[in-house]
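Chemist: If you read the sequence shown in my numbering, its first letter stands for residue 932, the second for the next number, and so on.
Glycine included, each C-beta is placed from N, C-alpha and C at the ideal position.
Quick one: the structure is below, and I'll ask about it shortly.
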Amino acid sequence: MRISLNWLRELVEPALTLSPEELAETLTLAGFEVEDIEDRNSWASGVVVGRVQTCTPHPNADKLSVTTVDIGSEPLQIVCGAANVRADIYVAVATVGTYLPKIDLKIRPAKLRGVRSEGMICSLAEVGLAKESAGIHIFAEVNEENSSLFKVGSDVCPLLGLDDVILDLTATANRADALSMVGVAREVAALTGVSVKLPRATKVEKPSAESSLKLKVSATTANPTYIGTVISQVKVAPSPAWLQQRLQGAGVRPINNVVDVTNYVLLEWGQPLHAFDGDRLQSVAGGDSLTMGVRFAETGESLQTLDGQHRMLSTQNLLITANDKPVAVAGVMGGSETEVHEGTKNLVLEAALFDSAAIRRSARSLGLRSEASARYERGVNSVELEIACDRALNLLQEITHGVIEAQVVVDTRPNLETFSRSIELRLDRVNQLLGPVDLGETTGELAAEQMQQILIALGCVITPNPKEERIWTVKVPPYRHRDLEREIDLIEEIGRVYGYNRFCDTLPEKTEPGYLSLEQQLRRQIREAFRATGLTELIHYSLVKPGEDRQIVLANPLFAEYSALRIDLVSGLIAAFEHNHSQGNQPLNGFEIGRIFWQDEEGLAEAEELAGILGGDPSSGKWTRGGKSRPLDWFEAKGLLERVFQRLGLKVEYQPSHQDPRLHPGRTASLWLQGNRLGTFGQLHPQLRKEKDLPDAVYAFELYLDVLVDGVDAEVVSKHQFQNYSTYPATDRDIAFFAAREISVAELLKVMSFAGGEILESVQLFDEYRGENVPKGQRSLAFRLIYRAGDRTLTDSEVEPVHQKVRESLIEKFSVNLRS
């Protein structure tokens, strides 16, 4: 927001005594960063008003003229190349020695084609008021009323609006009121102790005759209030100089008096307005009657906006219609078919309130952001809409000599009192949070009188609590309704206006070194364990495409393709593996830790999950295989996962699983830890692999992170203790038997390990056979059992009883048929 210091001084009284630099520092410390101070006086320092007395053709150049210019002293001879120079006009003259910073030129005496020139007649571009100029700037004709302004030799800065300083101010997102001159004036008044002098807005008398204009607002939630005013006998022309200069100072290009008035009120009150050409509006609408409407667009509709772009509309776009035909994108930009032009005679002025979220979605869907949408998105003042509308109508009557024919209103706002709220403020809480105040040699607390003075300056109304001392009920002004919601907001305002730099700087008396909680340490250990196996940690967006069951879909997404929250991590990992493979890279072996979200009968839920993916040939490209690839088999992939569990000191059980349709039904296992479901591990389904053109064997796993963290023994992970290898030889025994196919090897291993006791070091499956000579419904399994003691060599008399106990346990538990 560009703030004109001259304009600001008109809105406060008494006049500001702060210099531009002091005011900029005050605003910055209060949270309104001033990014630049633009002193426009320096643009035309040394440029004076001159009157061209004579103008004759240059003797040696066809396109040059030799002029004599009166600047109040001895007339100057100036050679000018502008086509519009002539005698008896008032111009801006840069005298010798003047430096024009906008074109980086210092004026010096010169000879142009043999004729002496002692200055330069300036265009608006040369004094920084325009990017390009077709010729020199000619001041308005002098008459009895303005003759005192055009005194030759006087400074041109007041005439061109350059006797001003512009502050380029940035307001935070929560301060929508600061996107207007009135809002900034209120803030400056609170910070400097002056009073606000609001612009004059005379209440417009509504015509008694019935209006030919009708309103039909279908989307009342998105458009609670709409005021349409019909104005006739309008004379469109360039705006007065003061209005053009105000707009130029704010960085807005003047267009014509009608459009300039709407832009002026936008800058002054922060209320966007739009003027339609009444005759063009009727032509687009067709028929004899005219009904202005507000509704959301339908699929397939389009509109050419004022910037000349033909825009396809979506159901997110809120429209202004004439007899149900789109004429503007509400709150964003008008349509070119109904814009005001030089021949406009009749107007329909729109003043409306639009919902912030609706305008934000509409502007974003079109990729279009305007000054109007920027204010609607943050929220305009709902209480002062009528004041801004009357202000615009007053200016239109004054400048365009228009006549107000009719005004129609649709207003579904609740009682305007609801736009102000009352907040309970505890004075002791204020000092508790803000801390002591620096009083020079001593410190103290903010007095109640100081707090009261600040809140009243901000427009609040204070009522002491009759039952409890040092507690106030603070009524917030309507224009701060969106910003001040809780007690902490009021405390922040008190500290901000009083000045955070005036509070004491204190440090904690004693500091303690930071540390990681036990859970954080375990999470780091888990990450380290997976990285140690060669997996890369991956990070994906939590937002994914919609369309899955149980998904949570966002109400206001940034992009349609990222409008739902993910329900698992595996889908993202499969997509990443597919993309990586399609680019000709090595197989992506990685893992990810992140949150997942879903909805069920009980409502919305979320949890943290760990998932991974691995596949491809681990020895791809190595000479040892002669360039032939070999897919990763199930046991190798399971071994990587087992290595992680072993590093974390976990004993995980595997059980057959068929729940996930993305995984191979015969090569998928559910993982269990201490009786709790830990997750799933398996090979991707062949059909899915074929659809995504993946390598022959790709494996995925997903683990519940909370179960994994709870199962890790912190002492085992944090204190790695070395275990001595036994120096005594081992003895092995084989055992073979027929067992039912539904009995898993994991169950058999668990029983054998328990029965073998301390001397059973390991059990390994080395043979499985199904086929001839094997009973129906069974399979032949052979295991090798390794027995070893750490303090002696085991004898057969020690091993045989234990081995026999293992055999008996298998028979008792699973009814196996021993073969050896």
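Do L1691 and I1717 count as a contact pair if the criterion is CB distance below 9 Å?
Modeler: By 1-based counting over the sequence shown, the position of residue 1717 is 786. By 1-based counting over the sequence shown, the position of residue 1691 is 760. Closer than 9 Å, so yes.
Chemist: Below 9 Å between beta carbons: does that hold for A1109 and L1100?
Modeler: Taking the sequence shown and counting its residues from 1, the one referred to as residue 1109 is at position 178. Taking the sequence shown and counting its residues from 1, the one referred to as residue 1100 is at position 169. Yes; because the gap between Cβ atoms is below 9 Å, this pair is in contact.
Chemist: Could you check which residue in V1705, H989, V1733, A1670 has the C-alpha nearest to that of N917?
Modeler: A query on residue 917 cannot be resolved here, the shown segment of the chain reaching from 932 to 1751 and no further.
Chemist: Starting from E1729, follow the alpha helix (DSSP H) in both directions and report where the run begins and ends.
Modeler: Numbered from its first residue, the sequence shown carries residue 1729 at position 798. Per DSSP, E1729 belongs to the alpha helix (DSSP H) from 1727-1745.
Chemist: For K1406, which residues does DSSP report across the bridge?
Modeler: Numbered from its first residue, the sequence shown carries residue 1406 at position 475. S1353, V1392.
Chemist: Considering only DSSP beta bridges, list what R1292 is partnered with.
Modeler: Numbered from its first residue, the sequence shown carries residue 1292 at position 361. R1292 pairs with nothing; no bridge assigned.
Chemist: Just to confirm, is the Cβ distance from E1424 to V1640 under 9 Å?
Modeler: Counted from its first residue, the sequence shown places residue 1424 at position 493. Counted from its first residue, the sequence shown places residue 1640 at position 709. No.
Chemist: To which residues of the same chain is G1390 closer than 6 Å at the C-beta, ignoring the five residues directly before and after it?
Modeler: Within the sequence shown, the letter at position 459 stands for residue 1390. So the list reads P1408, once near-sequence residues are dropped.
Chemist: Quick one: using the 10 Å Cβ neighbour count with 16 as the cut-off for buried, is I1034 buried or exposed?
Modeler: Residue numbering aside, residue 1034 sits at position 103 when the sequence shown is read from its first letter. Exposed: under 16 other Cβ atoms inside 10 Å.
Chemist: With DSSP as the reference, please indicate the residues paired to P1155 in a beta bridge.
Modeler: Counting from 1 along the sequence shown, the entry for residue 1155 is found at position 224. Paired residues: none, contrary to the question.
Chemist: Do L1636 and L1541 come within 9 Å of each other at the CB atom, strictly closer than that value?
Modeler: As a position in the sequence shown, residue 1541 is number 610, starting the count at 1. As a position in the sequence shown, residue 1636 is number 705, starting the count at 1. Yes. Within cutoff.
Chemist: Runs of 4 residues minimum, wholly inside the region 1273-1333: which ones carry the alpha helix (DSSP H) assignment?
Modeler: Counting only runs of 4 or more, we get 1287-1297, 1302-1309, 1316-1331.
Chemist: Buried or exposed for D1095, please, with buried defined as at least 16 other CB atoms from any protein chain shown within 10 angstroms of its CB.
Modeler: Position 164 of the sequence shown holds residue 1095. With 16 or more Cβ atoms within 10 Å of its Cβ, D1095 is classed as buried.
Chemist: Return the chain-ordered list of same chain residues with a C-beta closer than 6 Å to the C-beta of T1222, the five sequence neighbours on each side being excluded.
Modeler: On the sequence shown, residue 1222 is found 291 positions in, with the first residue counted as 1. For T1222, where only same-chain residues beyond five positions count, the Cβ hits under 6 Å are K1145, K1147, N1254.
Chemist: Look up G1231 in the DSSP assignment and say whether it is helix, strand or coil.
Modeler: Locating residue 1231 in the sequence shown gives position 300, where the first residue counts as 1. DSSP places G1231 in coil when its eight states are reduced to three.
Chemist: Verify whether the separation of the beta carbon atoms of L1358 and I1402 is less than 9 Å.
Modeler: Along the sequence shown, one-based indexing puts residue 1358 at 427. Along the sequence shown, one-based indexing puts residue 1402 at 471. In contact: L1358 and I1402 (Cβ atoms closer than 9 Å).
Chemist: Hey, out of E1689, Q1381, K1707, R1750, whose CA is closest to V1733's CA?
Modeler: For this step, residue 1733 is matched to residue 802 along the sequence shown. Cα-wise, what sits closest to V1733 is E1689.
Chemist: Would the region 1194-1214 count as touching the region 1312-1326 if we require 3 or more Cβ pairs under 8 Å?
Modeler: These segments touch.
Chemist: Reducing DSSP to helix, strand and coil, say where Y1659 ends up.
Modeler: Position 728 of the sequence shown, counted from the start, is the residue given in the question as residue 1659. Looking at Y1659 - three-state DSSP - the assignment turns out to be coil, as it is neither helix nor strand.
Chemist: By Cβ distance, which residues of its chain are closer than 6 Å to L1278, with the 5 residues on each side in sequence left out?
Modeler: Here the question's residue 1278 lines up with position 347 in the sequence shown. Excluding residues within five positions, the ones whose Cβ falls inside 6 Å are I1162, V1165, A1206, G1209.
Chemist: For W1529, which beta-bridge partners are listed by DSSP?
Modeler: Translated into positions along the sequence shown, residue 1529 becomes position 598. For W1529, which the question treats as bridged, DSSP gives the partners A1536.
Chemist: Kindly give me the distance between the Cβ atoms of Q1338 and G1159, rounded to whole angstroms, as I take these residues to be in contact under 8 Å.
Modeler: The residue labelled residue 1338 in the question sits at position 407 within the sequence shown. The residue labelled residue 1159 in the question sits at position 228 within the sequence shown. Rounded, the Cβ-Cβ distance is 7 Å, consistent with contact.
Chemist: Under 8 Å by Cβ, that's how I've got L1504 and L1469 pegged, so tell me the actual separation to the nearest angstrom.
Modeler: Taking the sequence shown and counting its residues from 1, the one referred to as residue 1504 is at position 573. Taking the sequence shown and counting its residues from 1, the one referred to as residue 1469 is at position 538. Rounded, the Cβ-Cβ distance is 7 Å, consistent with contact.
Chemist: Just curious, the alpha helix (DSSP H) that E1678 is in, first and last residue?
Modeler: For the purposes of this step, residue 1678 is taken as residue 747 along the sequence shown, with counting starting at 1. Note, E1678: alpha helix (DSSP H), 1676-1687.
Chemist: Could you work out which residue in I1251, K1476, G1478, A946 is closest to F1285 when comparing CA atoms only?
Modeler: Position 354 of the sequence shown, counted from the start, is the residue given in the question as residue 1285. With distances taken between Cα atoms, F1285 lies closest to I1251.
Chemist: Quick one: any contact between the region 998-1014 and the region 979-987, if contact means 3 or more CB pairs under 8 Å?
Modeler: The region 998-1014, when compared against the region 979-987, does touch it at the 8 Å Cβ threshold.
Chemist: Can you pull the DSSP bridge partners for V1705?
Modeler: The count along the sequence shown starts at 1 and reaches residue 1705 at position 774. Looking at the DSSP assignment, V1705 forms no beta bridge with any residue, so it has no partner.
Chemist: Are there three or more Cβ pairs, one per stretch, closer than 8 Å when the region 992-999 is compared with the region 936-945?
Modeler: Judged by Cβ distances under 8 Å, the region 992-999 makes no contact with the region 936-945, as fewer than three pairs qualify.
Chemist: Using DSSP with H/G/I as helix, E/B as strand and the rest coil, what is Q1614?
Modeler: On the sequence shown, residue 1614 is found 683 positions in, with the first residue counted as 1. Q1614: strand per DSSP, three-state reduction.
Chemist: Taking only the alpha-carbon atoms, compute the straight-line gap between S1233 and A1181 and give it to the nearest angstrom.
Modeler: Position 302 of the sequence shown, counting from 1, holds the residue named residue 1233. Position 250 of the sequence shown, counting from 1, holds the residue named residue 1181. Rounded to the nearest angstrom, the two C-alpha atoms are 32 Å apart.
Chemist: Could you give the DSSP three-state label for V1022: helix, strand or coil?
Modeler: Here residue 1022 is taken as the residue at index 91 of the sequence shown, counted from 1. If DSSP states are grouped into helix, strand and coil, V1022 belongs with the strands.
Chemist: Strictly by DSSP, which residues pair up with G1265?
Modeler: The sequence position of residue 1265 within the sequence shown is 334, counting from 1. Answer is A1259, bridged to G1265.
Chemist: Tell me the DSSP bridge mates of Q1710?
Modeler: Taking the first residue of the sequence shown as 1, we reach residue 1710 at position 779. First, the residue type needs correcting, since residue 1710 is Arg and not Gln in the sequence shown. Note: R1710 sits in a beta bridge opposite A1670.
Chemist: Mind checking which residues open and close the beta strand (DSSP E) that includes K1145?
Modeler: For this step, residue 1145 is matched to residue 214 along the sequence shown. It spans 1144-1148 - the beta strand (DSSP E) in which K1145 sits, taken as one unbroken run.
Chemist: DSSP has I1335 in a bridge; who is on the other side?
Modeler: In the sequence shown, the residue the question calls residue 1335 occupies position 404. I1162.
Chemist: In the DSSP assignment, the beta strand (DSSP E) including R1047 goes from what residue to what residue?
Modeler: Taking the first residue of the sequence shown as 1, we reach residue 1047 at position 116. Counting along the chain, the beta strand (DSSP E) containing R1047 begins and ends at 1046-1048.
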